[in-house]
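Q: Below you'll find the structure I mean.
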Amino acid sequence: MQTLTDADEYDSGDFDSEEYDYEDDLDLNETSVLERLTDPDLDEKIVKKERKPQKNSAFREVLSFLRDLAVSMAVILLICNFVLRPVRVYGDSMYPTLLNGAIGFSNVIGFKTKELKRFDIAIIYVEEKNEYLVKRVIGLPGETLSYRYGQLFINGEMVDEPFLDQAYVEQCGQYFMSDVSEITLGEDEYYCLGDNRPASSDSRYYGPFKKEQIRSKGVLVLWPFSDFGLHTW
152 MQTLTDADEY
162 DSGDFDSEEY
172 DYEDDLDLNE
182 TSVLERLTDP
192 DLDEKIVKKE
202 RKPQKNSAFR
212 EVLSFLRDLA
222 VSMAVILLIC
232 NFVLRPVRVY
242 GDSMYPTLLN
252 GAIGFSNVIG
262 FKTKELKRFD
272 IAIIYVEEKN
282 EYLVKRVIGL
292 PGETLSYRYG
302 QLFINGEMVD
312 EPFLDQAYVE
322 QCGQYFMSDV
332 SEITLGEDEY
342 YCLGDNRPAS
352 SDSRYYGPFK
362 KEQIRSKGVL
372 VLWPFSDFGL
382 HTW
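Note that the sequence shown covers residues 152 to 384 in the working numbering.
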């Protein structure tokens with residue numbers, strides 16, 4: 152709508168009432184004075200109308216957050232089942248290799264793509280106790296294994312265990328490792344022991360572990376920082 156700033160300079164000849172359409176110059180989205188006079192609740196309705204987009208915006212933000220949370224959880228589950236598994240060590244059965252309270256990750260994808268080797272560290276699930284064990288693979292499928300006077304024999308041949316802390320072994324003496332009678336493992340069985348033999352519940356107690364019980368191999372220690380590093384990754 153044209154704005155008149157000086158009535159004295161207004162020329163009626165410049166204005167054609169028949170050609171001028173007032174509706175063209177009105178903003179139909181604005182509330183007319185008449186509507187405000189006839190509807191005393193109009194202001195409240197306008198306020199509610201203005202608030203509605205804000206509610207929708209908040210709802211969209213909540214949906215967006217839930218979507219991002221669901222995606223994040225799915226990614227975490229995929230990583231834990233197919234790439235890396237979080238690990239926390241409880242107890243001293245793997246001392247001094249892994250300390251009580253150590254935190255890190257175990258290699259899932261490496262276990263799924265490669266065969267376990269002797270002396271690999273394995274994460275083993277024990278269903279009857281609903282718990283995970285961290286042990287070292289000593290005997291492989293099809294092998295005959297025994298311990299005599301603390302010495303490991305595989306298929307009748309003496310095998311050294313270089314990962315053991317010899318000072319700790321000597322300190323424990325004859326109590327470090329008891330004799331184990333010959334046992335022949337099945338095609339999907341592994342004989343696993345803790346590095347700290349006097350303080351470990353392992354295949355001497357549970358018997359050989361099935362391959363399906365093993366979830367991952369190796370440990371990347373992140374905490375404590377002093378022990379940071381890979382173990383049989």
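Don't be surprised by glycine CBs; every beta carbon is placed ideally from N, CA and C.
CA-CA distance, Gly369 and Leu217?
A: Distance between the alpha carbons of Gly369 and Leu217 is about 35 Å.
Q: What did DSSP end up calling Glu312 once you bin it into helix, strand or coil?
A: coil
Q: Looking at Glu333 and Pro359, is the spacing between their C-beta atoms short of 7 Å?
A: no
Q: On the three-state DSSP scale, how would you describe Gly369?
A: Secondary structure of Gly369 (DSSP, three-state): strand.
Q: Just to confirm the assignment, what range does the alpha helix (DSSP H) spanning Val259 have?
A: 259–264
Q: Helix or strand or just coil, what does DSSP make of Ala253?
A: Coil, per DSSP.
Q: Can you tell me whether DSSP reads Arg299 as helix, strand or coil?
A: strand
Q: Which whole-angstrom value describes the C-beta separation of Asp243 and Asn347, a residue pair presumed to lie in contact below a C-beta threshold of 8 Å?
A: 6 Å
Q: Taking just the CA atoms, how far does Asp353 sit from Cys343?
A: Roughly 6 Å between the two C-alpha positions.
Q: What does DSSP give as the partner residues of Lys286 in its beta bridges?
A: Ala273
Q: How long is the line joining the alpha carbons of Val276 and Val238, rounded to whole angstroms?
A: Here residue 276 turns out to be Tyr, not Val, going by the sequence shown. The straight-line gap from Cα to Cα measures roughly 12 Å.
Q: I'd like to know if the stretch 247–255 and the stretch 292–299 are in contact, where contact means that at least 3 CB-CB pairs between them fall below 8 Å.
A: The stretch 247–255 vs the stretch 292–299: no contact.
Q: Please go through the same chain and pick out, in chain order, the residues whose beta-carbon is closer than 7 Å to the beta-carbon of Ser351, but skip the five residues on each side of it.
A: Ser244, Leu344, Gly345
Q: Exposed or buried, Ile227, counting other C-beta atoms within 10 Å across all chains shown (16 or more means buried)?
A: Its Cβ having fewer than 16 others within 10 Å, Ile227 is exposed.
Q: Just the C-alpha distance for Gln325 and Leu303, rounded to the nearest angstrom, thanks.
A: 14 Å
Q: Per DSSP, what kind of secondary structure is Ser332 in: helix, strand or coil?
A: Note: Ser332 maps to strand in three-state DSSP.
Q: With DSSP run on the structure shown, which of helix, strand or coil describes Lys361?
A: The answer is strand: DSSP assigns Lys361 an E or B state.
Q: Alpha carbon to alpha carbon, how far is Asn356 from Ser215?
A: A quick correction: the sequence has Tyr, not Asn, at residue 356. Between Tyr356 and Ser215, the alpha-carbon positions lie close to 51 Å from each other.
Q: Closer than 8 Å by C-beta to Met309: which residues in its own chain qualify, once you throw out the five before and the five after it? Chain order, please.
A: Contacts found: Gln302, Leu303.
Q: Would you say Trp384 and Asn232 are within 7 Å of each other, going by their C-beta atoms?
A: no
Q: Should Asn180 go down as buried or exposed, given a rule of 16 or more other Cβ atoms within 10 Å for buried?
A: Low confidence applies here, because Asn180 scores a pLDDT of 48, under 50, leaving its location unreliable and the question unanswered by this model.
Q: What do you reckon, are the CB atoms on Ser367 and Phe262 nearer than 7 Å?
A: One thing to note: Ser367 has its Cβ within 7 Å of the Cβ of Phe262.
Q: In its own chain, which residues sit with a C-beta less than 8 Å from the C-beta of Phe379, not counting the 5 before and 5 after it?
A: Val372, Leu373
Q: Name the DSSP beta bridge partners of Ile305, please?
A: DSSP lists Leu296, Glu308 as partners of Ile305.
Q: Taking the alpha-carbon of Val240 as reference, which of Ile260, Ala273, Glu278, Glu212 has the nearest alpha-carbon?
A: Ala273
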